[in-house]
Each structure stands twice: as C-alpha cells, then as structure tokens.
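Q: Just dropping this structure here.
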DNA sequence: AGTGCAACTCTTTTT
DNA sequence: GAGTTGCACT
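In the numbering used here, the protein residues as written are 1 to 750.
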C-alpha cells in the first residue's frame, strides 16, 4: 500500500527515503559516488524541520568546504525556508563560531585572528631564529599533523609522530605563543572547542542542549581531532573522550544528540592532510546503536564507467564494501589513448573537445583531469593557440600574495591589536625606519600592556630614538586615523571598500607597488585594487571588518569566482573534482611514476586508487584515459610505463584509441611489477616515436610566436630554401616565411 | 636596507 | 621549467 508522500520525498528511492526518515540511534549513510548524497542530506534537514517539528536552530550540519556548505544551505532552504536558521558550516567555520561565542571560557578574545600556514611559519620563525624559514615551515607541518591527530605537546603518543624530543618542546613553545597572544591556527579551531567541551561542564551542557541533531558530510575526510569534537558535541559514546573532563558525565545532561554522518570510504583522498579513513570504518563501533544505510544506485554515470572505477578500487583492502550499480545501463566503453608525450596528450584532448563541440556540445561539458597542477601548462599552451576556451579550477592564491597579505595585515591590526604576526608584517612596510631591534622593543613594551601592540605603538617606547621613534609614531597615527574612519558614521551605501581604499593610499602601499609594477612588470597595484573591490561587499563597521577578515581566513576562494557560467573546458586536479560531474571526463597522465608515484605502496597506493575512483566517477557519459610514453618532470624528460591502475582493469572493459600512435599503442602493459617505471635519462629514439614530418600546404592553420594564429594562403617550392609559405594572420596581417629558417612559425595541430 | 644572482626543491592542499 | 629562498653585495 503506497503511502501518500509530499513531492519532495516521493521522488526519492527506497534507500534514500529510509536514510531521510531514519531516527533513533545514530546513522551512517554510505553514499557511493553519484548516489544523491547531497540530496539526501538536505532533504533530511528539511524533513526534520517540516515533518518532525525539529527546531532548525538545534540542527548542526558540517561540511569540509565552504562551497559545499553553501550548496547545502541553498538546497535545504529551497525545500523548506526555515532550514536557513540551522547552523550549516564547515568544521573550521563552526569552530570559529563556537570559540567566538565562548571566547572567555576558551581563554581567547572574541576578536582573535586565525593564522594560516604562512603566518604559523612566521610565528615559529620568530621563536626560532636559528632555523630558516623552510625548516620552520616543515616544523609547522608536523605540528599541524599533530593537531589533526588531536595531540597536545604533552600527549604521550606524540612521540610516534615527533621522534625528536626537541620537536615536542618546539610545539609547546609555539602553542604557548598562540595562547599568550590570544590567537589561533586552523588546528585550534577544532582542538580548542573540543578541549573546552571536555573541560567545561556548563559549556558542554549548553551546547548539547542546543544541538540535538548533528550531520556531517564527506565524513571520510574527517581527521581524528574532528572525530573527537563530534563525539564531544554529540554526548556520551562508547569510549571516553581523549581529554579528561573535570567532572565526568553529568547524569542529568540531556541524552546524546542524533548523529548522522554521510560519506564514502572509497573517496577518502586527504590522508596526507590528516584525514583518517578509520573514522568512517569504525563509526558503527564508536557510536553505538548505529544503523547503516547504503546508497548504491548511481544516477550519474553509465555502467561501463563504473566498471572501470570499481575494478581498480576493489583491489583495496579495508573497505566497508559497497557495490555501485548504474541506473544508466550500457554506455560506450571508456577509451584508453596511449600517446607519445604531453604535446600529443594535449592534442588528443583538444581533438576530443573540438569533436564534442562540433557534434553540438558545449566546451563546458568536457573536463580534463590531472594529478598535479604543473600538468596544466601543456594544455593551456595548446588551448591558447587553438582558441579553445578553458578555465582552471583551483585555489587562486589571491589572498596569499604578498601585497594582499600586507594590506590585510593593516586591517587585521584594526580588528585585533594583539595580532603580532600582522604587526611585524606591516610596522615597517613601507619602510619607516623601524628595524628588527625596534620591533623587539615594542613587543616587550606591549607585553606590559596586555599585548596591545596598538597601544604600545602609541605610547613612547623606552630605548627608541630618532627615525625608529618617529616611524613608529607615523605607523600609530596611520592606524589611528583608519580606526577613526572605521568608527565614524557610515553614510548610506558606504562599504568597507572606502576604508580599504584609505588604507592602501594613506599607507603608501598602493603608490609603492605602482612604481614597482613598472620596473618588474608585475600587477601588484591591480591586486590591491581587487582587494578594495572585494571589501565593497561588507559594511563599513567593526562587524563588517571582522566578517570580511574571517571570510578570507576561512575561505580562500575569491569572491565572485563562483561564476561558472562561461562556456569553457575545465582543467582541474583530480583532488579538486570531488563533488563535481561532467558529461565528458579525460583523466590524463596515467603513468607509473606520476599516478601512482613510483614509491607509493600500502596505504599510499590505496589512497591513489581511491583518487582514481573519484576521478573516473566524475564522468556522466564519456570517459577517456590517457597515458604518455614520455613525460617531462621537473624539466627533465623521462620514459615511463603505463600506470599499474591500467593493468588492474580487465582489458575487455576498455577500448584503445585508434588514433593513438601505433608504436606507443604497441607497448605492452600489465600488472605493476612488469611495467617499467619512470627511467631517468633514457634517450629519446628519433625514428620510431617522433611525430610525422609536418607538411606545409594551403589552408592549414598555423601559429606564429609574434603574430599569433593564422592560416596558410599559398605555398611555393624553392630550389634550395624549402617551401615559401604565405600566411594570413587573424590580425589581418599578411607575411611570408621560409619555415626552414624560422622556428617562430609552426603548424597548429588539429 | 634593498637588490641581484645562484641554488634549491618540487604531489595532492577542502580549512 | 619555474618559482622561491638564502646569501652576498652595494
């Protein structure tokens, strides 16, 4: 007997519906690629609010990316508008939110600064001047991994991670520095809330009373520290939390929250950042009463594509086990193209793109996936020449640029006068004669003022004379006037951009970079303008400034970048494709030594198989794999063998590209042991694998280094100089060349 | 203090 | 091959 369901539920399949309506104990949703995971989680939130009368404010939903959090918010609110009152954030953004609301209990000011890797390195470098910056950067990495594992400097098990007892001392020093200045790093955004919850009964009770339902998306990418935080948020569980609570569990505290985690153990690809697959593998054991719902129906890809993905990932041990079944049966066999080198690979991809468009498709339907960012260049070079529109997806690093960080440091000082990293960064930028020695004096002076560096800069610092003294005064008055502008009455339509503009102009940063740009050919001034522009989205107020800074600290994607409207081919790393889908996917560089890397084995190799699985399952209609015989790495040419992953796929599941080079296609491949890895220094044979001789004839497309793209109008033979080629360029220019004597003119491939 | 050149190091990187 | 870092020079 079919029950009457509202439309937003009736379109779900039975497993999805079960996951949405499940209640009682905890729930683990094992959601295969393309199984409608986001739909289930957002529908579940809406269902709880609408059908089960759950107060949206008592729902906490955490994700790993800002983009995912935004999508979750939008989609849940689209079903049920009240959902927008639920707390839907990334893990880190939730941590920051929680700490600012419980700042006093956590021993922080509510306006604390969140330091990124670069800032962390600066802190450590300040503490350990005998180490150079890159050594400090390595140490910071290790400290961050320790934090991912939820380990304090005094945790007994820290020794396994930090063999050197000195490292433990450094970690402790670093941590002490953060605490004494009242600021945090990314790891603290997870660790400090967990410790606070473990230690403070009142905070714990309040928090647990508020959040009755906790959902975690992409749970397979959580680390140990995040797992501990989740456990402390949810309430009593199988094992005691890692940190001793002062008073044990209060029997009067509310019953544990309902915890629902969603993930796919086969898509765990961030181990190198501390993600712990075992969190998902052991979830049922650690959250007692857990039920598991498997979403194994794939709505995205043809079965032929899933077969390839499944064959590789099924070689992994330690999986929860899940068989993905395509709703879309059939589909063409994925194509494997064995090519000579990167140029041939790029040309192959260009051809696929053009054929798609020629067949009525759009550029944006094709995605080219690679293992490392460096691989994008060959594609870019060719696509520019061939006029194939493309976009590169990845972090823009805009907010990592020196000039942008400088401007932001001024703003950070306004928001938090105890931000030592920001102070050191800009107190003498542009140069004001405040050198290292003077900075130390100011820091000492600030120590007696509760760490207030603004106050210390204003008051006369003992021992400072002459230029250092007047320079510091200038710095203080600049910040003072900026602060006044911030505190002053904002007029209608006035945004934070006016403050940012005042800053870049009055500090002299803009002028300095304008002149530098002319000499160095950089565009730093433009970047500062861009920053001013980004600030225009926020109101000119203390709150607006704080929000602007936190958004940048937690979300490095550039505002407005989400414009995906343009019709362009996507160039993207395999890691970055998680959660995305494309009609056509070309997974490139399937070579032993590159993907996987030569030395990878065990857990690392399994993670690479999962990455392959992620990459391949992005494809909806068409999947292509490429493998090159020659690969340039770090500027050197290597002869490679096909990826062992190709050998793990039954050859009947793939079709060889007929257009791939005959010699390359003839080379054998099989299981990893027999296939050669990258061999350095092998000489390139000239006859067998060199591209065929190019021929000049009228009508073909050409590219000239100086004049750009064009086509050949006419070719006339000459007795001794080879052909004379007359070219018409797109600029309208017409010129003739002897290809024999110039390298600037070449045939545009395909 | 600011610039210039040689040496080094390279995966992935949601936060 | 390219970007960054560190040291040395002025």
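Using N, Cα and C, we set each Cβ at its ideal position, and we do this for glycine too. Note that the structure is predicted; figures quoted are calculated from it, not measured.
Could you check how far apart the C-beta atoms of residue 624 and residue 352 are, in whole angstroms? I think they sit under 8 Å.
A: Contact between residue 624 and residue 352 is confirmed by a C-beta separation of about 6 Å, below the 8 Å threshold.
Q: So, with DSSP's three-state summary, where would you put residue 268?
A: coil
Q: Just to confirm my understanding: we take residue 404, look at its own chain, exclude 5 residues before and 5 after, and list those with CB closer than 6 Å. What are they?
A: 527, 531
Q: Please give the ranges of any alpha helix (DSSP H) in the region 492 to 577, keeping only runs that are unbroken, at least 4 residues long and fully inside the region.
A: Listed in chain order, the complete alpha helix (DSSP H) runs (minimum 4 residues) inside the region 492 to 577 are 496 to 506, 509 to 520, 524 to 535, 542 to 554.
Q: Just to confirm my understanding: we take residue 264, look at its own chain, exclude 5 residues before and 5 after, and list those with CB closer than 7 Å. What are they?
A: 30, 31, 32, 33, 220
Q: Does the separation of the CB atoms of residue 291 and residue 17 fall below 8 Å?
A: no
Q: Cα-Cα, which of 495, 489, 696, 341 is closest to residue 633?
A: 341
Q: Assign residue 160 to one of two classes, buried (16 or more other C-beta atoms within 10 Å of its C-beta) or exposed (fewer than that).
A: exposed
Q: In chain order, what residues of the same chain lie with their CB nearer than 7 Å to the CB of residue 423, ignoring the 5 residues before and after it?
A: 413, 453
Q: Since residue 418 and residue 181 are thought to touch, with beta carbons under 8 Å apart, how far apart are those beta carbons, to the nearest angstrom?
A: 5 Å
Q: Are there 16 or more other CB atoms within 10 angstroms of the CB of residue 635, so buried, or fewer, so exposed?
A: exposed
Q: Given a cut-off of 8 Å on the beta-carbon distance, is the pair residue 146 and residue 171 in contact?
A: Taking 8 Å as the Cβ cut-off, residue 146 and residue 171 qualify as a contacting pair.
Q: Quick one: which unbroken beta strand (DSSP E) runs of 3-plus residues sit fully inside the region 625 to 657? Chain order, please.
A: 630 to 633, 636 to 639
Q: Mark residue 550 as exposed unless 16 or more other C-beta atoms lie within 10 angstroms of its C-beta, in which case mark it buried.
A: buried
Q: How is the beta strand (DSSP E) around residue 582 delimited, first residue to last?
A: 582 to 587
Q: Whole angstroms are fine: how far does the CA of residue 497 sit from the CA of residue 470?
A: Taking C-alpha positions only, residue 470 is separated from residue 497 by approximately 29 Å.
Q: If you draw a straight line from the C-alpha of residue 158 to the C-alpha of residue 114, how long is it?
A: 24 Å
Q: How about residue 227 and residue 279: are their beta carbons less than 8 Å apart?
A: yes
Q: Would you mind reading off the limits of the alpha helix (DSSP H) that contains residue 615?
A: 602 to 616
Q: Please check the pair residue 441 and residue 464, which I expect to be a contact at CB under 8 Å, by giving their CB distance rounded to whole angstroms.
A: 6 Å
Q: Comparing C-alpha positions only, which one of 696, 354, 447, 611 sits nearest to residue 370?
A: 611
Q: Can you give me the C-alpha to C-alpha distance between residue 586 and residue 569, rounded to a whole angstrom?
A: 11 Å
Q: What did DSSP end up calling residue 474 once you bin it into helix, strand or coil?
A: helix
Q: Enumerate in chain order the residues of its own chain whose CB-to-CB distance from residue 556 is below 7 Å, with the five nearest sequence positions on each side excluded.
A: 395, 399
Q: Could you tell me the alpha carbon to alpha carbon distance between residue 132 and residue 186, rounded to whole angstroms?
A: 23 Å
Q: Quick check on residue 687: does DSSP put it in helix, strand or coil?
A: With a pLDDT of 30 at residue 687, under the threshold of 50, the modelled position of this residue cannot be trusted; read the value that follows with caution. Looking at residue 687 - three-state DSSP - the assignment turns out to be coil, as it is neither helix nor strand.
Q: Residue 337: buried (16+ other C-beta within 10 angstroms of its C-beta) or exposed?
A: buried
Q: Beta-carbon separation of residue 590 and residue 627 under 8 Å?
A: yes
Q: With 16 as the cutoff for other CB atoms within 10 Å, does residue 401 come out buried or exposed?
A: Within 10 angstroms of the beta-carbon of residue 401 lie 16 or more other beta-carbons, which makes it buried.
Q: Taking the alpha carbon of residue 408 as the point to measure from, which residue in 546, 316, 616, 289 has its own alpha carbon closest?
A: Selected option, being the one with the closest Cα: 546.
Q: Look at the Cβ atom of residue 203, then the Cβ atom of residue 196, and state whether they are nearer than 8 Å.
A: Yes, these two residues count as a Cβ contact at 8 Å.
Q: Mind checking who residue 746 pairs with in its DSSP beta bridge?
A: 703
Q: Go through its chain and collect everything with a Cβ distance to residue 771's Cβ below 6 Å, but skip five positions before and after it.
A: Any answer about residue 771 is impossible in this case: the structure gives the chain only from 1 up to 750.
Q: Around the Cβ of residue 359, are there at least 16 other Cβ atoms within 10 angstroms (buried) or fewer (exposed)?
A: exposed
Q: To the nearest angstrom, how far is the alpha carbon of residue 451 from that of residue 443?
A: 8 Å
Q: What are the residues that DSSP puts in a beta bridge with residue 63?
A: 90
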